[in-house]
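Undergrad: This is the structure I have questions about; it appears just below.
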Amino acid sequence: KTRFQAPSVPASFIDDLEKSDLQTVQTPASIFLENTATESFRKAAETARKLSTDDLRITNAYSIKTNPDERLIKLALDSGFLAETISLLEVKKAIEVGFKPEQIILNGPAKGW
């Protein structure tokens, strides 16, 4: 008989929540979990490096459309990700954060440019 086991919560998640003043948060709201985000980007970058070979390089890309928060875009850049964009506005934002044009993927409607 298999028992349900809840997934473990990363320590960084608890640390981030403890640093947030949840008494003043009104819903709906977004809370930036800095340590959790940093750790997630680090793990993704490490996984890409481990899976890469001499013949195949794995590269992560951050979807700006999914979450255009500049802090996350900067984390993506600092973690060696590419920026995945679907509009000129997203391309501009990626460049403003520090991505070089060759680090930007044009996708969706932007593919036709």
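The working numbering numbers the first residue of the sequence shown as 1485 and each following residue consecutively.
Think of the CB as a built atom: it goes at the ideal place given N, C-alpha and C, for glycine as much as any other residue.
What are the boundary residues of the beta strand (DSSP E) that includes S1547?
TA: First-last of the beta strand (DSSP E) with S1547: A1545 to S1547.
Undergrad: Check whether the region 1566-1576 touches the region 1531-1549, counting contact only when three or more Cβ pairs, one atom from each stretch, lie closer than 8 Å.
TA: Touching, yes.
Undergrad: Buried or exposed: I1498, going by 16 or more other Cβ atoms within 10 Å of its Cβ?
TA: Per the 10 Å Cβ criterion, exposed.
Undergrad: Given a cut-off of 8 Å on the beta-carbon distance, is the pair E1554 and V1581 in contact?
TA: Yes, they are a contact pair.
Undergrad: Under the rule that 16 or more other beta-carbon atoms within 10 Å means buried, what is A1521, buried or exposed?
TA: That one is buried.
Undergrad: Would you give the residue range spanned by the alpha helix (DSSP H) that L1572 belongs to?
TA: Note, L1572: alpha helix (DSSP H), L1572 to V1581.
Undergrad: Note the first and the last residue of the continuous alpha helix (DSSP H) segment covering A1560.
TA: Segment E1554 to D1562, the alpha helix (DSSP H) holding A1560.
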